[in-house]
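>
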Amino acid sequence: MKRKSFCLLILFIISLTAFFCSCSGGNAESSVEKSASESAKETPFDIIGELTGPAKENISHFLNGDITEIKITDYCVDSGDPPEYVLSDGAKIKEFANLLSHESWSAEDDDVYTAEKFISTKFELKNKQDTVAVINLTTWMVDAYGVAEISGGSRTASFRISERAYFDLRALPTGKYYLHKSDLKKPDKEISLKLQNKMLYGLNEDEKSVVCGDLRQAHYCLESLLLENVSFLKTPNGAGWDLAVTGFSENVIRGNFSFGGVLKLLESICSNLKDRDTKKAFEKMHNDLQSACDKRDLKGVFKVHEYIHDYDYFSVNYPPVYELAAADWGGIDVYFGHLPRI
Numbered sequence: 260m261k262r263k264s265f266c267l268l269i270l271f272i273i274s275l276t277a278f279f280c281s282c283s284g285g286n287a288e289s290s291v292e293k294s295a296s297e298s299a300k301e302t303p304f305d306i307i308g309e310l311t312g313p314a315k316e317n318i319s320h321f322l323n324g325d326i327t328e329i330k331i332t333d334y335c336v337d338s339g340d341p342p343e344y345v346l347s348d349g350a351k352i353k354e355f356a357n358l359l360s361h362e363s364w365s366a367e368d369d370d371v372y373t374a375e376k377f378i379s380t381k382f383e384l385k386n387k388q389d390t391v392a393v394i395n396l397t398t399w400m401v402d403a404y405g406v407a408e409i410s411g412g413s414r415t416a417s418f419r420i421s422e423r424a425y426f427d428l429r430a431l432p433t434g435k436y437y438l439h440k441s442d443l444k445k446p447d448k449e450i451s452l453k454l455q456n457k458m459l460y461g462l463n464e465d466e467k468s469v470v471c472g473d474l475r476q477a478h479y480c481l482e483s484l485l486l487e488n489v490s491f492l493k494t495p496n497g498a499g500w501d502l503a504v505t506g507f508s509e510n511v512i513r514g515n516f517s518f519g520g521v522l523k524l525l526e527s528i529c530s531n532l533k534d535r536d537t538k539k540a541f542e543k544m545h546n547d548l549q550s551a552c553d554k555r556d557l558k559g560v561f562k563v564h565e566y567i568h569d570y571d572y573f574s575v576n577y578p579p580v581y582e583l584a585a586a587d588w589g590g591i592d593v594y595f596g597h598l599p600r601i
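Numbering (this note's numbering), first residue to last: 260 to 601.
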């Protein structure tokens with residue numbers, strides 16, 4: 260009996276020892292992984308070496324040394340502290356360098372109005388605790404250009420950059436939204452015409468004109484708002500939301516250029532439609548857009564755009580013909596798959 264008890268005691272001690280060894284090994288492995296992660300974060304990145312083309316020649320002297328991270332501050336908020344993002348992985352820093360390389364940075368802009376300068380986004384290029392350079396995105400001229408101010412190497416200069424570069428840089432920490440991204444096959448002519456006849460059933464010429472015109476205007480307005488303001492709408496408490504919902508200005512021809520204006524156009528469409536299924540579809544678009552505005556849900560607004568896009572191009576206003584230049588020519592052949600089967 261004593262021998263059996265002794266053996267059991269030995270087995271217990273061996274098991275306990277194995278348990279603590281495994282725990283110790285696990286902690287050691289975790290410590291090694293953590294150390295490797297921190298080491299990767301602190302690895303200097305040769306941003307100047309990543310620049311290409313005219314950008315390398317024209318702005319490399321502002322970027323005094325390697326960097327380990329980029330601290331990004333978004334000032335486009337109307338309450339609370341501005342959100343901050345830290346990019347420390349090499350892939351993201353390389354993406355930043357590629358965005359800089361897409362611009363020539365050849366024309367310093369001495370005419371930029373700098374009194375009480377508005378900064379939308381600040382990029383602090385850091386090497387551990389030291390700030391190597393600062394890039395501020397400042398003025399944005401709609402349908403023209405943006406302005407970036409670079410400080411580093413004891414110099415400060417402002418440059419005009421393209422709108423695309425301005426918004427791509429702003430989108431770096433939060434990701435991109437795609438207005439026209441779908442590989443679905445669009446409906447053929449026969450299906451589109453059948454849908455058009457059903458949706459416009461029972462309408463006289465005046466009513467058809469209102470429905471078709473209001474839908475085209477709602478589509479144009481929504482696309483323009485999303486293309487020009489998406490970077491200001493990614494944060495729910497961003498200052499751009501109030502303006503986007505209520506309108507930047509009243510325009511006699513185009514009406515209220517805002518999400519609120521699109522809601523009014525959808526109400527007008529619903530009040531004229533006779534086909535019950537089509538009316539329900541547009542009522543849902545209206546309600547979904549209203550909900551997205553109330554919740555400041557940018558994904559929700561993009562989803563409503565998909566429905567408006569499909570109903571405009573491939574049914575109600577088929578075939579699509581532009582009276583004015585479209586907000587984005589690339590969307591004319593894109594279909595999101597939201598039309599009913601017929």
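Virtual Cβ for every residue (Gly too), placed ideally from N, Cα, C.
DSSP on Ala498, reduced to helix/strand/coil?
Start at 1 with the first residue of the sequence shown, and residue 498 comes out as number 239. Reduced to three states, the DSSP call for Ala498 is helix.
> With a threshold of 6 Å on Cβ separation, who are the neighbours of Asp333 within its own chain once the five nearest residues in sequence on each side are excluded?
Position 74 of the sequence shown, counted from the start, is the residue given in the question as residue 333. Within the same chain, Pro341, Pro342 and Thr380 come within 6 Å of Asp333 by CB-CB distance, once the 5 residues on both sides are set aside.
> Contact check, Phe304 vs Gly412 under 8 Å by CB: the rounded distance?
Mapped onto the sequence shown, residue 304 falls at position 45. Mapped onto the sequence shown, residue 412 falls at position 153. For Phe304 against Gly412, the beta-carbon gap comes to about 18 Å, at or over 8 Å, which does not count as contact.
> Under 8 Å, with one C-beta from each stretch per pair, do the stretch 309–319 and the stretch 358–366 reach the 3-pair mark?
yes
> Could you pull the start and end residues of the beta strand (DSSP E) that Ala407 belongs to?
Position 148 of the sequence shown, counting from 1, holds the residue named residue 407. Going by DSSP, Ala407 is part of the beta strand (DSSP E) stretching over Tyr404 to Gly411.
> If you compare alpha carbons, which of Gly506, Lys533, Thr537 and Arg535 is closest to Lys523?
Taking the first residue of the sequence shown as position 1, residue 523 is located at position 264. Selected option, being the one with the closest Cα: Gly506.
> Report the residue from Ser517, Gly308 and Asp569 whose alpha carbon sits nearest the alpha carbon of Ser441.
Against the sequence shown, residue 441 aligns to sequence position 182. That would be Asp569, whose Cα lies nearest to the Cα of Ser441.
> Near Pro599, which residues of its chain fall below 7 Å by C-beta distance, leaving aside the five closest residues on each side in sequence?
Against the sequence shown, residue 599 aligns to sequence position 340. Counting only Cβ-Cβ distances below 7 Å, and skipping sequence neighbours, we find Asp536.
> Indicate whether the contact test is met: 3 or more Cβ pairs, each with one atom in the stretch 417–432 and one in the stretch 482–496, closer than 8 Å.
yes
> Under 7 Å Cβ to Cβ from Phe541, same chain only, skipping five residues before and after it: list those, please.
Residue mapping note: residue 541 aligns to position 282 of the sequence shown, counting from 1. Cβ within range, chain order: Leu525, Ile528, Cys529 and Leu532.
> Might you give, ordered along the chain, the residues of its own chain that have their beta carbon closer than 8 Å to the beta carbon of Ser294, omitting 5 neighbours on each side?
For the purposes of this step, residue 294 is taken as residue 35 along the sequence shown, with counting starting at 1. Confidence at Ser294 is low in this model, with a pLDDT of 40, below 50, so the placement of that residue is unreliable and no value is reported for it.
> From the DSSP output, which residues share a beta bridge with Trp399?
On the sequence shown, residue 399 is found 140 positions in, with the first residue counted as 1. Trp399 pairs with Gly405.
> Can you name, in chain order, every residue of its own chain whose Cβ lies under 6 Å from the Cβ of Ile331, other than the five neighbours on each side?
Position 72 of the sequence shown, counted from the first residue, corresponds to residue 331. Tyr344, Phe382 and Pro432.
> Excluding sequence positions up to five away, which residues of its chain have a Cβ less than 8 Å from the Cβ of Glu354?
Position 95 of the sequence shown, counted from the start, is the residue given in the question as residue 354. So the qualifying residues of the chain are Leu431.
> Using only alpha-carbon positions, find the residue among Pro495, Cys471 and His439 that is nearest to Ser574.
In the sequence shown, the residue the question calls residue 574 occupies position 315. Of Pro495, Cys471 and His439, the residue nearest in Cα terms is Cys471.
> Using the C-alpha atoms, what's the distance from Lys351 back to Asn323?
The residue you call residue 323 lines up with position 64 of the sequence shown. The residue you call residue 351 lines up with position 92 of the sequence shown. Roughly 19 Å between the two C-alpha positions.
> Output the boundary residues of the beta strand (DSSP E) element that contains Val345.
Numbered from 1 along the sequence shown, position 86 holds the residue referred to as residue 345. Glu343 to Leu346 is the span of the beta strand (DSSP E), which, as asked, contains Val345.
> Apart from the five residues on each side of it in sequence, which residues of its chain come closer than 6 Å, Cβ to Cβ, to Pro446?
Taking the sequence shown and counting its residues from 1, one reaches residue 446 at position 187. Excluding its 5 nearest sequence neighbours in each direction, Pro446 has C-beta neighbours in its own chain below 6 Å: Phe573, listed in chain order.
> Taking all protein chains shown into account, decide if Thr302 is buried (16 or more other Cβ within 10 angstroms of its Cβ) or exposed.
Start at 1 with the first residue of the sequence shown, and residue 302 comes out as number 43. It counts as exposed.
> What is the DSSP secondary structure of Val593, reduced to helix, strand or coil?
Mapped onto the sequence shown, residue 593 falls at position 334. Looking at Val593 - three-state DSSP - the assignment turns out to be coil, as it is neither helix nor strand.
> In angstroms with no decimal places, state the Cα-to-Cα distance between Asn510 and Gly520.
As a first step, residue 510 is located in the sequence shown; it is residue number 251 there, counting from the start. As a first step, residue 520 is located in the sequence shown; it is residue number 261 there, counting from the start. Annotation note: pLDDT 44 at Asn510 (below 50); position unreliable, coordinate value reported separately. One C-alpha to the other measures close to 11 Å.
> Closest by CA to Ile329, which one among Thr390, Ile318 and Ser319?
One-based indexing of the sequence shown puts residue 329 at position 70. Minimum Cα distance to Ile329 is reached at Thr390.
> Could you give the distance in angstroms between the alpha-carbon of Lys453 and the alpha-carbon of Ile409?
Within the sequence shown, numbered from 1, the residue matching residue 453 stands at position 194. Within the sequence shown, numbered from 1, the residue matching residue 409 stands at position 150. Computed Cα separation, rounded: 57 Å.
> Assuming Cys335 contacts Gly499 (C-beta within less than 8 Å), just tell me the rounded distance between them.
On the sequence shown, residue 335 is found 76 positions in, with the first residue counted as 1. On the sequence shown, residue 499 is found 240 positions in, with the first residue counted as 1. Gly499 and Cys335 do touch by the CB rule: their CB atoms are close to 6 Å apart, below 8 Å.
> What residues in its chain sit with their C-beta under 8 Å from that of Glu375, if we drop five residues either side in the sequence?
One-based indexing of the sequence shown puts residue 375 at position 116. Here the model assigns Glu375 a pLDDT of 47, short of 50, so the residue's position is not dependable, and the following value carries that caveat. Closer than 8 Å at the Cβ level, and outside the excluded window around Glu375, lies no residue.
> Give the straight-line distance between the Cα atoms of Ile591 and Ser468, rounded to the nearest whole angstrom.
Working through the sequence shown from its first residue, we reach residue 591 at position 332. Working through the sequence shown from its first residue, we reach residue 468 at position 209. Cα-Cα distance, rounded: 21 Å.
> Take Arg429 and list the residues in its own chain whose beta-carbon comes closer than 6 Å to its own, dropping the five residues that flank it on each side.
Taking the first residue of the sequence shown as position 1, residue 429 is located at position 170. Closer than 6 Å at Cβ, skipping near neighbours: Thr380 and Ser490.
> Hey, quick one: how far does the beta strand (DSSP E) through Lys435 stretch, first residue to last?
If you number the sequence shown from 1, residue 435 lands on position 176. That residue, Lys435, is in no beta strand (DSSP E); it is neither H nor E in DSSP.
> One question on the structure: do Cys552 and Phe516 come within less than 7 Å of each other, judged by their Cβ atoms?
Reading the sequence shown from its first residue, position 293 is the one you call residue 552. Reading the sequence shown from its first residue, position 257 is the one you call residue 516. Taking 7 Å as the Cβ cut-off, Cys552 and Phe516 do not qualify as a contacting pair.
> Rounded to whole angstroms, what's the CA-CA distance from Met400 to His545? Just pull it up for me.
If you number the sequence shown from 1, residue 400 lands on position 141. If you number the sequence shown from 1, residue 545 lands on position 286. Rounded to whole angstroms, Met400 to His545 spans 31 Å at the Cα level.
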